[in-house]
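Asks:
Numbering (this note's numbering), first residue to last: 4 to 150.
Here's what the structure looks like:
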């Protein structure tokens with residue numbers, strides 16, 4: 004018996020999650036936050052809620068994406084009026100990323116959608132199963148990140 008194609012199954016699950024958000028009842032409210040913008044807004048928002056500054060490298064590390072990709076995404080989000088890059092007093096070359104009021108308004112709507120999606124995704128799982136699943140996912144991420 005062959006091993007299950009885990010990568011394929013994760014890709015299909017990712018597509019289903021994306022489709023869930025694409026057809027969310029709140030989609031018209033969050034139209035300007037396309038692709039990973041919503042996840043990035045959520046991440047920056049959580050950090051700001053915890054009084055933590057966010058820099059481009061934090062986004063790179065958190066989402067496991069390259070510097071050039073983050074740079075492009077951040078530039079587009081800035082053009083859409085979702086974020087601002089602000090100089091830091093201690094180092095003028097360093098720019099922290101903050102949410103604009105437009106993104107702040109979207110954040111709660113997107114957070115609500117994310118909670119609903121997570122509830123639907125994990126329906127019928129025990130806490131133990133969720134912890135085990137999370138452990139497996141973290142291990143897969145470590146495996147794939149190995150050089």
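Idealized CB from N, CA, C, for every residue including glycine.
The structure displayed is predicted, hence computed values, not measured ones.
Do three or more CB pairs link the region 66-75 to the region 114-131 at distances below 8 Å?
Replies: no
Asks: For the region 114-122 against the region 53-63, do three or more pairs of beta-carbon atoms, one drawn from each stretch, fall closer than 8 Å, so that the two count as touching?
Replies: no
Asks: Runs of 3 residues minimum, wholly inside the region 61-103: which ones carry the beta strand (DSSP E) assignment?
Replies: Counting only runs of 3 or more, we get 86-91 and 94-102.
Asks: Here's the rule: buried if 16 or more other CB atoms are within 10 angstroms of the residue's CB, otherwise exposed. What is residue 116?
Replies: buried
Asks: I need the straight-line Cα distance from residue 92 to residue 111, nearest angstrom please.
Replies: 30 Å
Asks: Hey, residue 101 and residue 51 are a contact pair by Cβ (cut 8 Å); roughly how many whole angstroms apart?
Replies: 7 Å
Asks: Consult DSSP for residue 58 and reduce its assignment to one of helix, strand or coil.
Replies: strand
Asks: Which same chain residues end up closer than 7 Å to residue 89 when comparing Cβ atoms and leaving out the 5 residues on each side of it in sequence?
Replies: Cβ within range, chain order: 98, 99 and 101.
Asks: Would residue 47 be called buried (16 or more neighbouring beta carbons within 10 Å of its own) or exposed?
Replies: buried
Asks: According to DSSP, simplified to helix, strand and coil, what is residue 39?
Replies: coil
Asks: Tell me, to the nearest whole angstrom, how far the beta carbon of residue 44 is from that of residue 113; I am working on the premise that it is less than 8 Å.
Replies: 6 Å
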